[in-house]
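Structure first, commentary second.
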Ligand code: NAD
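In full-length UniProt numbering, the protein residues as written are 17 to 314.
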């Protein structure tokens, strides 16, 4: 059955995800502050509205795919979108935000009688484009049951991580590992190149050996072997340095609260910060390689 969906945030991830729901036959109205993002949505066949409160009027579901918790609060709660949505609307936040923020927003949604799930994703922009995302969901089992048809139009794996906020906790630890795997892949890639081994050789061997990782096989930071990797398009698109820095900040904050020594996470966060200071915050995070090969200012 067709669901009336208000989709807020039509960026690198949000637009392809919203487009899949549109293709699946749902009545999707998208919202984004950026005119370019709205134009891209129009070109992809996704209808847009100027304001979230308009798009949300009477919606069965409201989905947010925004950079940070503050944006979710503004676009969902302060804009009036939540109150405009249908009485029993399902609110899905697919952004990566802190588990504390997810619980706080979830409580605000529940206070209006509506349903909330934190449903952050993994799989990158390719996963969003190919509808092969992994969803990590926090919230009530029954609400996840209701959301499932929508999630299945955008992804292939759906995990119920636990109560509200648990999806974000799972996503956060995943991204810690991703960041460190990328840093290690960058260091290995530059050293391999200087030792005269081709990138393809590194991937062929390490990809089936103990050095294997998603970063190695999907996001190799040297142009050439992985056609879809951001390194093949001058590090544009993909998952930005600024967003990965944000995710590591969430992880470091949680680690501080729980007394966990996260030395490697802190080091990668520091490097991402250097890239941001060097004006490279909007490039894909595999551009960490530019600090390893010395082309960015350390
Ligand atoms: P993005 O910056 O490409 O897109 C965010 C969009 O939100 C932008 O178009 C921006 O204009 C819009 N926006 C911001 N505030 C708004 C508001 N108040 N109202 C309406 N629109 C608003 O980011 P992205 O790469 O699509 O990532 C979105 C979220 O998904 C982030 O939390 C990120 O950490 C997470 N994520 C990203 C990836 C990835 O590979 N890019 C993978 C997994 C998870």
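Don't be surprised by glycine CBs; every beta carbon is placed ideally from N, CA and C.
For residue i, which residues from the same chain have a beta carbon less than 6 Å from its beta carbon, with the 5 sequence-adjacent residues on both sides left out?
| i | result |
| --- | --- |
| residue 313 | 294 |
| residue 57 | 26, 31, 46 and 64 |
| residue 20 | 43, 75 and 76 |
| residue 218 | 208 |
| residue 307 | 287 and 314 |
| residue 298 | 256 |
| residue 101 | 72, 75 and 78 |
| residue 241 | 215, 216 and 219 |
| residue 96 | 69 |
| residue 36 | 147, 169 and 170 |
| residue 34 | 23, 44, 46 and 62 |
| residue 244 | 142 |
Note down the Cα distance separating residue i from residue j, rounded to an integer number of angstroms.
| i | j | result |
| --- | --- | --- |
| residue 98 | residue 119 | 16 Å |
| residue 108 | residue 152 | 12 Å |
| residue 85 | residue 113 | 5 Å |
| residue 48 | residue 42 | 19 Å |
| residue 122 | residue 304 | 34 Å |
| residue 161 | residue 168 | 11 Å |
| residue 53 | residue 72 | 18 Å |
| residue 135 | residue 154 | 7 Å |
| residue 163 | residue 274 | 32 Å |
| residue 234 | residue 180 | 31 Å |
| residue 78 | residue 196 | 33 Å |
| residue 166 | residue 93 | 22 Å |
| residue 131 | residue 178 | 15 Å |
| residue 24 | residue 192 | 26 Å |
| residue 115 | residue 186 | 9 Å |
| residue 215 | residue 239 | 9 Å |
| residue 133 | residue 302 | 30 Å |
| residue 272 | residue 70 | 41 Å |
| residue 182 | residue 150 | 15 Å |
| residue 124 | residue 159 | 16 Å |
| residue 106 | residue 202 | 41 Å |
| residue 310 | residue 206 | 10 Å |
| residue 259 | residue 28 | 12 Å |
| residue 226 | residue 50 | 43 Å |
| residue 276 | residue 194 | 18 Å |
| residue 66 | residue 91 | 12 Å |
| residue 157 | residue 59 | 36 Å |
| residue 176 | residue 184 | 11 Å |
| residue 204 | residue 296 | 22 Å |
Cβ-heavy atom distance between residue i and the ligand FAD below 7 Å?
| i | result |
| --- | --- |
| residue 81 | Here the bound small molecules are the ligand NAD; the ligand FAD is not part of this structure. |
Short of 7 Å in beta carbon distance, which residues of its chain neighbour residue i, apart from the five on each side in sequence? Order them along the chain.
| i | result |
| --- | --- |
| residue 261 | 285, 288, 289 and 292 |
| residue 222 | 228 and 232 |
| residue 38 | 44, 61 and 62 |
| residue 188 | 263, 266, 267 and 270 |
| residue 198 | 231, 235, 301, 302 and 304 |
| residue 40 | 169 |
Could you name the residues of the same chain whose beta carbon sits closer than 8 Å to that of residue i, not counting the 5 residues immediately before and after it, in chain order?
| i | result |
| --- | --- |
| residue 190 | 138 and 152 |
| residue 315 | Outside the modelled stretch of the chain, which goes from 17 to 314, sits residue 315, for which no answer is possible. |
| residue 127 | none |
| residue 129 | 103 and 104 |
| residue 18 | 41, 42 and 43 |
Between residue i and chain B, is any beta-carbon pair separated by less than 8 Å?
| i | result |
| --- | --- |
| residue 234 | Although the question refers to chain B, the structure presented lacks it and comprises just one protein chain. |
Counting pairs of beta carbons, one from the segment 124-144 and one from the segment 209-216, are three or more of them closer than 8 Å? Flag = no, the segment 124-144 and the segment 209-216 do not touch.
At 4 residues or longer, what runs of the alpha helix (DSSP H) sit wholly inside the segment 235-287? If we require 4 residues or more, the alpha helix (DSSP H) runs fully inside the segment 235-287 come out as 257-273.
Restricting to runs no shorter than 4 residues, where is the alpha helix (DSSP H) found entirely within the segment 34-121? Listed in chain order, they are 51-59, 68-72, 85-88 and 97-100.
Pair every Cβ in the segment 240-251 with every Cβ in the segment 167-187, then say whether three or more of these pairs are closer than 8 Å. The answer is no - the segment 167-187 does not touch the segment 240-251, with fewer than three Cβ pairs under 8 Å.
When you compare the segment 272-280 with the segment 251-259, are there three or more beta-carbon pairs, one atom per stretch, that lie closer than 8 Å? Too few Cβ pairs lie closer than 8 Å, so no.
Taking the runs of the beta strand (DSSP E) that are 3 residues or longer, which of them lie wholly in the segment 161-217? The segment 161-217 contains, as complete beta strand (DSSP E) runs of 3+ residues, the segments 171-178 (chain order).
Can you list, in chain order, the stretches of the alpha helix (DSSP H) that have 4 or more residues and sit fully within the segment 126-160? Unbroken alpha helix (DSSP H) runs of no fewer than 4 residues, entirely contained in the segment 126-160, are found at 140-146, following chain order.
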